[in-house]
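Structure record follows, encoded as structure tokens.
Number of protein chains: 2
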Amino acid sequence: MERYSKQRELILDVLKSRKDHPTADMLYKEIAQKMPGIGIATVYRNLASLYKSGKIEKIETMQGDPDRFDGDLRPHIHLQCSKCNEIYDIFLDEEENKQLNDKLAELTKLINADFTSSKIVLKGICKNCKNKN
Amino acid sequence: MERYSKQRELILDVLKSRKDHPTADMLYKEIAQKMPGIGIATVYRNLASLYKSGKIEKIETMQGDPDRFDGDLRPHIHLQCSKCNEIYDIFLDEEENKQLNDKLAELTKLINADFTSSKIVLKGICKNCKNKN
DNA sequence: CCTTAAATGATAACCGTTATCATTATTTCA
DNA sequence: TGAAATAATGATAACGGTTATCATTTAAGG
Chain A
1 MERYSKQREL ILDVLKSRKD HPTADMLYKE IAQKMPGIGI ATVYRNLASL YKSGKIEKIE
61 TMQGDPDRFD GDLRPHIHLQ CSKCNEIYDI FLDEEENKQL NDKLAELTKL INADFTSSKI
121 VLKGICKNCK NKN
Chain B
1001 MERYSKQREL ILDVLKSRKD HPTADMLYKE IAQKMPGIGI ATVYRNLASL YKSGKIEKIE
1061 TMQGDPDRFD GDLRPHIHLQ CSKCNEIYDI FLDEEENKQL NDKLAELTKL INADFTSSKI
1121 VLKGICKNCK NKN
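So the sequence lines, in the order shown, correspond to chains A and B. Each residue of the first sequence is one higher than the one before, counting from 1 in this note's numbering. Each residue of the second sequence is one higher than the one before, counting from 1001 in this note's numbering.
And the structure:
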């Protein structure tokens, strides 16, 4: 089974300390300063295992673009701005979260499947880009 | 501006004739039988331009996995089965479509952004896999 | 026709990610 | 507490889907 490692602990700590949605490589650059010699493969491996065990979130955006990671597990969805590509959090309160999941579960029933989760990425124009040009 | 090509026309026809969600390579294999000599790059290029011009849909699933394409433009979302990885359509009637988009637009307002579209992929267990083992 | 430039086909390159493998570190239990 | 067992690491090669490059072909318009 899984064994403790300083590397995994640090990767999780660094991700949780950030408020943005870094790529594996962005994390690697920050982590490598605190633990020189760590390999990029270790970062990828541990991000995958942390995601698998539900300790972090993974955001798959546009094809080709690298995955982004999120250490914040509070219920929220993401919006990616079509202009600047920045990813924003939209946090949901209990009520909103229930409403959305109920609706998605309802739609899932239409094909006699069992709903387990969803990947939602909204596209739009963010606050900042709206006010430019 | 864009110029007509037999290749693009065939690519669109083949995609529209299918009821599944083929990858670029799956389409290439079928197309190459009807037009021997066509290049794989042409398939990728035209799928990209057809998507850009709104004539087809693109479904980005799990990272690493190839993109899938959809010639059906009726409002619908996708569910990917966690067991068999198959992608299913969930067609929405006008009412359901409006309800869902209204809710997403409402959430978008929470961060003062303008909603334009969404990428939703539901995860769950499909009808077939539920009844197995 | 003839010219212009978009589209094609072949293939090299790209890049995020994963596999491989020898080495190191953690856990277990004698 | 000190081997033995084996998971994790670091370095790097390999992978695979997709895109870039470039010479050639082809569509469109006068």
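Don't be surprised by glycine CBs; every beta carbon is placed ideally from N, CA and C. The structure displayed is predicted, hence computed values, not measured ones.
{"Asked": "Residue-chain proximity (Lys973 of chain B, chain A), Cβ-Cβ < 7 Å", "Found": "Only positions 1001 to 1133 of chain B appear in this structure, which leaves residue 973 of chain B out of reach."}
{"Asked": "CB of Arg1068 of chain B within 7 Å of CB of Thr1023 of chain B, strictly", "Found": "yes"}
{"Asked": "Segment contact flag, the stretch 35–51 of chain A with the stretch 86–105 of chain A, C-beta cutoff 8 Å, min 3 pairs", "Found": "no"}
{"Asked": "Length of the line joining the Cα atoms of Arg18 of chain A and Met26 of chain A", "Found": "11 Å"}
{"Asked": "Selected residue, minimal CA-CA separation from Lys132 of chain A, among B:Asn1128, B:Ala1113 and B:Ile1120", "Found": "B:Ala1113"}
{"Asked": "C-beta neighbour in chain B for Thr116 of chain A, strict 7 Å", "Found": "yes"}
{"Asked": "Thr1116 of chain B, enclosing beta strand (DSSP E) - first and last residue", "Found": "Asp1114 to Ile1125"}
{"Asked": "Contact between the stretch 71–87 of chain A and the stretch 1070–1086 of chain B (3+ Cβ pairs under 8 Å)", "Found": "no"}
{"Asked": "Endpoints, the alpha helix (DSSP H) within which Asp1013 of chain B is located", "Found": "Lys1006 to Ser1017"}
{"Asked": "Whether Leu1122 of chain B touches Leu1079 of chain B by CB criterion (7 Å)", "Found": "yes"}
{"Asked": "C-beta contact flag for Glu30 of chain A and Val14 of chain A at 7 Å", "Found": "yes"}
{"Asked": "Interface flag, Tyr28 of chain A vs chain B, CB-CB below 7 Å", "Found": "no"}
{"Asked": "Residues of the stretch 1096–1110 of chain B whose Cβ lies closer than 8 Å to any Cβ of chain A, in chain order", "Found": "Glu1096, Gln1099, Leu1100, Lys1103, Leu1104, Leu1107, Thr1108 and Leu1110"}
{"Asked": "Alpha-carbon spacing of Val43 of chain A relative to Lys6 of chain A, whole angstroms", "Found": "12 Å"}
{"Asked": "Alpha carbon of Cys1126 of chain B to alpha carbon of Glu57 of chain A, nearest angstrom", "Found": "24 Å"}
{"Asked": "Cβ pair Lys1119 of chain B, Gly1071 of chain B closer than 7 Å", "Found": "no"}
{"Asked": "Cβ pair Ile111 of chain A, Ile1059 of chain B closer than 7 Å", "Found": "no"}
{"Asked": "CA-to-CA distance, Pro1036 of chain B to Glu9 of chain A, given in whole angstroms", "Found": "54 Å"}
{"Asked": "Chain A contact residues for Tyr1044 of chain B, given Cβ-Cβ distances below 9 Å", "Found": "Chain A residues near Tyr1044 of chain B: none, gap ~11 Å exceeds 9 Å."}
{"Asked": "Assigned secondary structure, Thr61 of chain A (DSSP; H/G/I helix, E/B strand, else coil)", "Found": "coil"}
{"Asked": "Under 9 Å by beta carbon: chain B residues contacting Asn112 of chain A", "Found": "Cys1126, Lys1127 and Lys1130"}
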